[in-house]
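Worksheet for the structure shown next.
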Amino acid sequence: MRKSLSIGGMTCNHCKSHVMEALRKVTGVKSATVDLANKKAVIESDSPVSDEALKAAVAVAGYTVTGISEN
Ligand SMILES: [Cu+2]
8 MRKSLSIGGM TCNHCKSHVM EALRKVTGVK SATVDLANKK AVIESDSPVS DEALKAAVAV
68 AGYTVTGISE N
């Protein structure tokens, strides 16, 4: 399963790695990639991961999820 997230607040590669680490720590997430230029992240998981869990993890890291879509 795969979800795309729009992320607010990222300005540099450190932000990118903070967000990537935060997403990878969410239970069920197998992999996370972050595209700094487009302010997007994509996560892959075997089982469904709730939008709330993803938003919370990103918020704790200091950034915001401005949108989530499943694809
Ligand atoms: Cu930064």
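Residue numbers (my numbering): 8 to 78. Ideal placement from N, C-alpha and C gives every residue a C-beta, glycine not left out.
Measuring alpha carbon to alpha carbon, tell me which residue in Ile14, Gly69, Thr71, Val67 is nearest Thr40.
Ile14
For ligand 1, is there any heavy atom lying closer than 7 angstroms to the beta carbon of Thr71?
no
Which residues count as close to ligand 1 when the rule is a CB under 5 angstroms from any of its heavy atoms, in chain order?
Thr18, Cys19, His21, Cys22
Determine the DSSP secondary structure at Val65, reduced to helix, strand or coil.
helix
Classify Ala44 as buried or exposed, calling it buried when 16 or more other Cβ atoms lie within 10 Å of its own Cβ.
exposed
Three-state secondary structure (DSSP) of Ala48
strand
For the candidate residues Leu30, Asp42, Met8, whose alpha-carbon lies nearest to that of Gly69?
Leu30
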